[in-house]
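Yeah, the sequence shown ends on 720 if you go by the numbering used here, and it's all consecutive. Think of the CB as a built atom: it goes at the ideal place given N, C-alpha and C, for glycine as much as any other residue. In this text the structure is predicted, and so the values were computed from the model without any measurement. Before any comments, here is the structure.
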Amino acid sequence: MKKDTVCRMCSSCCPVEVEVVAGKLVSAQRKSFLDKDKRSPCLKLQAAADIVYSDRRLTTPLIRNKDGAFRQASWDEALDLVAARFQLYKKQKHPEAVGWLRGMAADWGAPWDYANRLMNCYGSPNTIGNGSICFVAREMAHTYTYGAMAFAEAARARCILVWGKHDADTALGAADAINHAVSNGAKLIVVDPIQTPLARKADIWLQIKPGHDGLLAMAMINEIITRDLIDHEFIEGFTTGFEQLREVASRYAIDEIAPDIWLDPHQVGEAARLYATTKPACLIDGNGLDMQLDIFQSTRAVACLRGLTGNIDRPGGDVLPQPIPLRPFQARDRLPAGVPSITAAYPLFNTFSESWGNQVQSCVVDAILDQKPYGLKMLVVQAGNPVVTMADSSRARRAMDELEFLVVIDLFMTRTAALADVILPAAGCFEKTQLNRAAIRSNPIILQNQVIEPVGQSWPDWKIVFELGRRIGLEQEFPWTTAEVAIDEQLAPAGVTVEQLRQSPDGVRVEELRHEKYRQHGFATTSGKFEFFSRRLQEGGFAGVPYGEGYPAEVISFSTQQQEFPLIGISGRRDIRFTNSQYRTIPALLKDEEGCVVDIHSVDAAPQQIEDGDPLQITTPKGTITMRARVSSVVHPGSIRIAWGWGDYNHACNLNTLTDDAVRNPITGTPGQRTFMCRVEKVR
Ligand SMILES: Nc1nc2c(c(=O)[nH]1)N[C@H]1C(S)=C(S)[C@@H](COP(=O)(O)OP(=O)(O)OC[C@H]3O[C@@H](n4cnc5c(=O)[nH]c(N)nc54)[C@H](O)[C@@H]3O)O[C@H]1N2
Ligand SMILES: Nc1nc2c(c(=O)[nH]1)N[C@H]1C(S)=C(S)[C@@H](COP(=O)(O)OP(=O)(O)OC[C@H]3O[C@@H](n4cnc5c(=O)[nH]c(N)nc54)[C@H](O)[C@@H]3O)O[C@H]1N2
Ligand code: SF4
Ligand SMILES: [Mo]
37 MKKDTVCRMC SSCCPVEVEV VAGKLVSAQR KSFLDKDKRS PCLKLQAAAD IVYSDRRLTT
97 PLIRNKDGAF RQASWDEALD LVAARFQLYK KQKHPEAVGW LRGMAADWGA PWDYANRLMN
157 CYGSPNTIGN GSICFVAREM AHTYTYGAMA FAEAARARCI LVWGKHDADT ALGAADAINH
217 AVSNGAKLIV VDPIQTPLAR KADIWLQIKP GHDGLLAMAM INEIITRDLI DHEFIEGFTT
277 GFEQLREVAS RYAIDEIAPD IWLDPHQVGE AARLYATTKP ACLIDGNGLD MQLDIFQSTR
337 AVACLRGLTG NIDRPGGDVL PQPIPLRPFQ ARDRLPAGVP SITAAYPLFN TFSESWGNQV
397 QSCVVDAILD QKPYGLKMLV VQAGNPVVTM ADSSRARRAM DELEFLVVID LFMTRTAALA
457 DVILPAAGCF EKTQLNRAAI RSNPIILQNQ VIEPVGQSWP DWKIVFELGR RIGLEQEFPW
517 TTAEVAIDEQ LAPAGVTVEQ LRQSPDGVRV EELRHEKYRQ HGFATTSGKF EFFSRRLQEG
577 GFAGVPYGEG YPAEVISFST QQQEFPLIGI SGRRDIRFTN SQYRTIPALL KDEEGCVVDI
637 HSVDAAPQQI EDGDPLQITT PKGTITMRAR VSSVVHPGSI RIAWGWGDYN HACNLNTLTD
697 DAVRNPITGT PGQRTFMCRV EKVR
C-alpha cells in the first residue's frame with residue numbers, strides 16, 4: 037500500500053510516498069515537480085528500510101546499573117525514575133538546574149514547542165536548542181533585516197546566487213528547483229571555497245577564502261551602489277539606512293579586497309553586476325555561513341544585497357513566509373519571573389523570535405563545567421549527539437560526565453547516549469505523526485504522517501514528552517493522548533485539522549501565495565522597513581549597519597597561531613548518505629566508498645610527499661585526529677577539507693576534537709566550527 041508523508045531523516049523535510057507491505061516500510065520515493073529521471077537522488081531515502089529496521093535501533097528503555105552496565109527497563113520504571121529526578125531539583129528549589137538540550141533531529145516545529153512547554157511549566161528556563169551553529173543564527177540576521185527568513189523561489193529565477201549551500205547533498209527539493217531553472221537558462225553564481233559539483237556548473241564560481249564572506253558581500257554591495265545598479269523605488273520607499281550602508285561599503289573596494297580573499301577582482305565585479313542586473317534574481321544562503329565566528333555580520337551583509345536589488349519578496353526572488361496562525365504552545369507565561377536562562381549573555385539572540393527562544397548551546401557546557409552563570413545538574417538530551425557535534429567535543433564530553441543525571445532520547449546508542457543514566461528509545465520519522473517546522477512555516481502545510489508502527493517498544497517524541505509531563509505533575513498541561521488532538525488544538529486558529537491534512541497529502545493552503553506583501557503591511561522589523569540600519573542592533577551594543585564598527589580581527593579560529601598552524605581547515609561536505617553524525621552503522625550506506633577523508637591540494641601535499649590514501653594527522657591547539665588523504669584540486673592551496681560527521685562511528689575521526697568553543701560570535705554565541713587553522717603530518 038502506498039502512503040504519503042514527509043521524510044525527516046534530515047532537515048529538508050521532503051514530501052515522500054512510502055510503500056508499506058504487511059505493516060512494514062519497504063521503500064520510499066521522494067515527490068517532486070520534476071520527472072523521476074531528473075530528480076536529485078537521496079541515498080538515505082533509498083536505504084530507509086535498512087535504517088528503520090537496523091538491528092542497532094534502541095528498542096526498550098535502558099537504565100544504568102550501579103556497576104555501570106545498562107539493563108532493559110519498562111517505560112513505567114524509566115519514566116518514573118526520570119520524573120523523580122525532576123521532582124528532586126524542584127524540591128531543592130532549583131528547577132533551573134535541569135536543562136533540556138535539543139539537537140536537530142526531532143524537528144523544530146511542534147516537538148520544540150512541547151519540550152519548551154514541559155520545561156516552562158516545570159519552572160526551568162533552560163530549554164536550549166543548537167541553533168547557534170545551525171541555520172537559526174542565519175535566520176536571526178535575516179530577521180533583523182526584513183523580519184523573517186527569506187526563501188528563494190529558485191525555479192522561477194533568471195539568476196541564482198548560491199552562497200555557501202550545496203542542496204544536492206542537503207536539500208533535494210531546492211536542488212530540483214535550481215536544476216530546473218539552470219536548464220531553462222538561468223544564470224548561476226556560486227560562492228564556495230570548494231569546487232563542488234554545483235560550482236562546476238556555475239557561470240561564475242567565486243572560490244572564496246573560507247570564513248571571509250563578509251568582505252566579499254561588502255565589496256559586492258560597494259560595486260552595485262557605485263555602478264548605480266540599485267532598485268531606487270524600493271530603496272526610497274521601503275528601507276532604512278541606505279546612506280550609512282553606502283558609506284561603510286565604500287571602504288571595501290573590490291580591487292583591494294579581492295586578492296586578500298583569493299579572488300579575481302574582475303570576476304567579483306562581474307558576479308555583482310550579473311546578480312544586480314538580471315531580474316528576477318534569488319540568493320540562496322546556507323550553512324557555509326553558519327558555524328563561522330563572523331556569522332551574524334556576514335549574513336546581514338549578504339541579506340542587504342536582496343534589498344539593494346529589490347529582489348526581496350518578488351516572484352523568482354527571495355520570498356518572505358506567510359506565517360500560519362497557531363495557538364501558542366510553549367506556555368512561556370508559566371515560567372516564574374526572575375530566573376534568567378543560562379543563555380542570558382546573548383539577549384539579542386534569545387529575543388529575536390518568540391518561537392525560537394534559547395539557542396546558544398555552548399552555554400550548556402559553560403553552565404555544567406564552570407557554573408556560568410550558574411550550574412546545571414541534570415540534562416535531557418533529545419535528538420542530538422552533542423559529544424561529537426558540539427565544538428571542542430572533549431570539553432562537551434567532560435560536561436556530560438560531570439552531570440549528576442543525564443537522560444538521552446534517541447534511536448541509536450550514540451556516544452552521548454552511552455554516557456546516560458537513562459536512555460529512552462524514540463520512534464523514527466516514519467513511525468510518528470508530527471507538525472514539523474517546514475509544515476508550520478510553509479504555505480501549504482504538509483503533514484508528517486505516521487505510516488508504520490514504532491519499532492520495538494520505541495515511542496514517538498511527543499508521547500515521551502507528554503507522558504513525562506504528566507508524571508511530573510503537569511496532567512493539566514498535557515491532556516492530550518494522541519498527537520492528532522494536540523496538533524488539532526495547535527492548528528485551530530488556522531482552521532485546519534489533521535484529518536484535512538491527511539486528505540490532502542500535497543498540503544493545505546491557508547491563504548493564497550502573495551508577493552511584495554511589504555507594500556501593504558511593511559516588513560516585520562522595528563521600523564516596518566527593510567533595515568540596512570537596525571536601531572535594535574545598535575541599542576544592543578552592535579553595529580547598526582553591517583561592519584559599521586569595522587571588520588573583526590578574528591574570523592577563523594586560532595588565526596593568531598598561524599605560524600604553527602598554517603593551513604585553513606574546512607569542516608567538510610554533508611554527504612547525501614548521512615546526516616551529521618548519523619547512519620554510519622548502516623551497511624547499505626557504507627558499501628560504495630567510505631568518505632572519511634581529507635582533501636589536500638597537491639601544492640600542500642608535496643613537501644611531505646603525501647599521496648592518496650596516506651594516513652594524515654590533523655592538529656589544532658585543541659587536539660589531533662587521523663584520516664586518510666585524498667590529493668585533490670577541489671580545495672584551494674592553503675586549505676584542506678576535512679570530512680564531517682564521522683566522530684560517532686570512529687572517535688579518531690571526530691572533527692570536533694579540533695574545534696574551539698572559547699571564542700564565539702558576540703551576538704549569536706557561534707563558535708568557529710566550520711573554519712579553523714590547523715596543520716597536517718603524514719603518519720610514517
Ligand atoms: N565541525 C562541525 N560541527 C558541526 C557541524 C558541521 O558541519 N561541522 N554541523 C552542525 C550542525 S548544522 C548541526 S544542526 C549539528 C547537529 O548536531 P546534532 O543534532 O547533535 O546532530 P546529529 O548527529 O544529526 O544527531 C541527531 C541525533 O538524533 C537522533 N534522532 C534521529 N531522529 C530522531 C527522532 O525522531 N527523535 C529523537 N529523539 N532522536 C532522533 C539520531 O539518532 C542522532 O543521534 O551539528 C553541528 N556540528
Ligand atoms: N545529507 C545531509 N543532508 C543534510 C545534513 C547532513 O548532515 N547530511 N544536515 C542538515 C543540516 S543540520 C543542515 S544545517 C543543512 C546544511 O546544508 P547546507 O546549507 O547546504 O550546508 P553545507 O552542506 O554544510 O555547506 C554548504 C557549502 O558551504 C561551503 N562552505 C564551507 N565553508 C564556506 C565558507 O567559508 N564560505 C562559503 N561561502 N561557503 C563555505 C561548503 O563547501 C559547502 O559546499 O543540511 C541538512 N541536510
Ligand atoms: S534529503 Fe533525503 S533524507 Fe533528507 S528529508 Fe529529503 S528524502 Fe529525507
Ligand atoms: Mo544544522
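Just checking my contact of Arg194 with Lys223 at CB under 8 Å: how many whole Å lie between their CB atoms? Here residue 194 refers to the residue found at position 158 when the sequence shown is read from its first residue. Here residue 223 refers to the residue found at position 187 when the sequence shown is read from its first residue. Indeed they touch by this definition, with Cβ atoms about 7 Å apart.
With a floor of 3 residues, list each beta strand (DSSP E) that falls wholly inside the region 306 to 353, ordered by position along the chain. 317 to 321
Is Phe47 near ligand 4 - that is, is its Cβ less than 7 Å away from at least one heavy atom of it? Numbered from 1 along the sequence shown, position 11 holds the residue referred to as residue 47. In the sequence on display, residue 47 carries Ser and not Phe. Yes, the beta carbon of Ser47 sits closer than 7 Å to at least one heavy atom of ligand 4.
Thinking just about the alpha-carbon of each residue, which of Gln358, Gln303, Arg368, Ile266 is nearest to the one in His557? Here residue 557 refers to the residue found at position 521 of the sequence shown. Answer by Cα proximity: Gln358.
For Leu405, name the three-state secondary structure that DSSP assigns. To locate residue 405, count along the sequence shown from 1; it is residue 369. Helix at Leu405.
Per DSSP, cross-strand counterpart(s) of Asn394: Position 358 of the sequence shown, counted from the start, is the residue given in the question as residue 394. BP columns for Asn394 point to Ile164.
DSSP state of Val304, grouped into three classes? The residue labelled residue 304 in the question sits at position 268 within the sequence shown. Residue state, collapsed to three classes: helix.
Quick one: what's got a C-beta closer than 7 Å to Val544's C-beta in the same chain, skipping five residues either side? Working through the sequence shown from its first residue, we reach residue 544 at position 508. Excluding positions up to five away in sequence, the list reads Pro480, Ile481, Val532, Gln536, Leu537.
Integer Cβ distance of Thr425 from Asn162, believed to fall under 8 Å: Your numbering for residue 425 matches position 389 in the sequence shown. Your numbering for residue 162 matches position 126 in the sequence shown. Their Cβ separation, rounded to whole angstroms, is 19 Å, which puts Thr425 and Asn162 out of contact at 8 Å.
Return the Cβ separation of Ala419 and Leu412 in integer angstroms, given the expectation that the two are a contact with Cβ distance under 8 Å. Here residue 419 corresponds to residue number 383 of the sequence shown, with the count starting at 1. Here residue 412 corresponds to residue number 376 of the sequence shown, with the count starting at 1. No, Ala419 and Leu412 are not in contact; Cβ-Cβ is about 19 Å, not under 8 Å.
Rounded to whole angstroms, what is the Cα-Cα separation between Pro372 and Gly159? Translated into positions along the sequence shown, residue 372 becomes position 336. Translated into positions along the sequence shown, residue 159 becomes position 123. Taking the straight line from one Cα to the other gives about 6 Å.
What separation, rounded to the nearest whole angstrom, lies between the Cα atoms of Ile604 and His637? As a working note, residue 604 is residue 568 in the sequence shown. As a working note, residue 637 is residue 601 in the sequence shown. Taking the straight line from one Cα to the other gives about 12 Å.
Name the residue from His202, Asp149, Ala211, Gln486 whose alpha carbon lies nearest to the alpha carbon of Asp40. As a working mapping, residue 40 is identified with position 4 in the sequence shown. Closest option to Asp40, Cα to Cα, is Gln486.
Let me confirm a value: Gln397 is counted as buried when at least 16 other C-beta atoms fall within 10 Å, else exposed. Which label applies? Here residue 397 corresponds to residue number 361 of the sequence shown, with the count starting at 1. Gln397 is buried by the Cβ-count criterion.
What does DSSP give as the partner residues of Asp635 in its beta bridges? The count along the sequence shown starts at 1 and reaches residue 635 at position 599. Bridge partners of Asp635: Arg666, Arg677.
Ile260 to Arg309 span [Cα, whole Å]: On the sequence shown, residue 260 is found 224 positions in, with the first residue counted as 1. On the sequence shown, residue 309 is found 273 positions in, with the first residue counted as 1. So the alpha carbons of these two residues sit roughly 7 Å apart.
For Glu53, which residues does DSSP report across the bridge? For the purposes of this step, residue 53 is taken as residue 17 along the sequence shown, with counting starting at 1. Per DSSP, Asp40, Gln65.
Taking all protein chains shown into account, do 16 or more other C-beta atoms lie within 10 angstroms of the C-beta of Thr313, making it buried, or fewer, making it exposed? Position 277 of the sequence shown holds residue 313. Exposed.
Taking Ala210 as the reference, give the member of Lys499, Leu319, Gly135, Leu252 with the closest Cα. Locating residue 210 in the sequence shown gives position 174, counting from the first residue. Ala210 has its Cα closest to that of Leu319, out of Lys499, Leu319, Gly135, Leu252.
According to DSSP, what are the bridge partners of Phe448? Here residue 448 corresponds to residue number 412 of the sequence shown, with the count starting at 1. According to DSSP, Phe448 bridges with Arg93.
With distances taken Cα to Cα, identify the nearest neighbour of Gln484 among Met37, Lys38, Arg44. On the sequence shown, position 448 is the one that residue 484 refers to. Ranking Met37, Lys38, Arg44 by Cα distance to Gln484 puts Arg44 first.
How big is the Cα-Cα spacing for Pro51 and Val42? Locating residue 51 in the sequence shown gives position 15, counting from the first residue. Locating residue 42 in the sequence shown gives position 6, counting from the first residue. One C-alpha to the other measures close to 4 Å.
On the premise that Leu242 lies in contact with Val304, defined as a C-beta separation below 8 Å, what is that separation, rounded to the nearest angstrom? Residue 304 sits at position 268 when you count from the first residue of the sequence shown. Residue 242 sits at position 206 when you count from the first residue of the sequence shown. Val304 to Leu242, Cβ: 7 Å. Contact.
What distance in whole Å lies between the Cβ atoms of Gly322 and Gly200, which are believed to be in contact at a cut-off of 8 Å? Taking the first residue of the sequence shown as 1, we reach residue 200 at position 164. Taking the first residue of the sequence shown as 1, we reach residue 322 at position 286. Correct: roughly 5 Å between the Cβ atoms.
Compare the beta carbon distance of Val458 and Ala114 with 8 Å and say whether it is the shorter of the two. For the purposes of this step, residue 458 is taken as residue 422 along the sequence shown, with counting starting at 1. For the purposes of this step, residue 114 is taken as residue 78 along the sequence shown, with counting starting at 1. Yes, they are a contact pair.
Run of the beta strand (DSSP E) containing Pro651, from where it starts to where it stops: Taking the sequence shown and counting its residues from 1, the one referred to as residue 651 is at position 615. Pro651 -> beta strand (DSSP E) spans 651 to 656.
First and last residue of the uninterrupted alpha helix (DSSP H) at Gly558: Translated into the one-based positions of the sequence shown, residue 558 becomes position 522. Here Gly558 belongs to no alpha helix (DSSP H), and DSSP marks it neither H nor E.
Taking the beta strand (DSSP E) that Ser607 belongs to, which residues open and close that run? Your numbering for residue 607 matches position 571 in the sequence shown. Note, Ser607: beta strand (DSSP E), 603 to 607.
Alpha-carbon to alpha-carbon, Glu53 and Gln280: Here residue 280 is taken as the residue at index 244 of the sequence shown, counted from 1. Here residue 53 is taken as the residue at index 17 of the sequence shown, counted from 1. Those two C-alpha atoms are separated by around 51 Å.
Report whether the distance from the Cβ of Asp326 to the nearest heavy atom of ligand 1 is below 7 Å. Residue mapping note: residue 326 aligns to position 290 of the sequence shown, counting from 1. Because some heavy atom of ligand 1 lies under 7 Å away, the Cβ of Asp326 counts as near it: yes.
Using three-state DSSP, classify Glu489 as helix, strand or coil. Walking along the sequence shown from the start, residue 489 turns up at place 453. Here Glu489 sits in coil by DSSP.
With distances taken Cα to Cα, identify the nearest neighbour of Met663 among Val634, Glu647, Tyr180. In the sequence shown, the residue the question calls residue 663 occupies position 627. For the residues Val634, Glu647, Tyr180, the minimum Cα distance to Met663 belongs to Val634.
Mind checking which residues open and close the beta strand (DSSP E) that includes Ile271? As a first step, residue 271 is located in the sequence shown; it is residue number 235 there, counting from the start. No beta strand (DSSP E) holds Ile271; the alpha helix (DSSP H) holding it covers 268 to 274.
Output needed for Arg610: all residues of its chain with C-beta closer than 6 Å, excluding positions within five of it in sequence on either side, in chain order. Sequence index remark: in the sequence shown, residue 610 carries index 574 (1-based). Around Arg610: Asp205, Thr206.
Considering Cα atoms alone, identify which of Tyr311, Lys102, Leu251 is closest to Tyr288. Taking the sequence shown and counting its residues from 1, the one referred to as residue 288 is at position 252. Looking at the Cα atoms, Leu251 is the closest of the given residues.
Can you name the start and end residues of the alpha helix (DSSP H) that Lys499 belongs to? Sequence index remark: in the sequence shown, residue 499 carries index 463 (1-based). Counting along the chain, the alpha helix (DSSP H) containing Lys499 begins and ends at 497 to 507.
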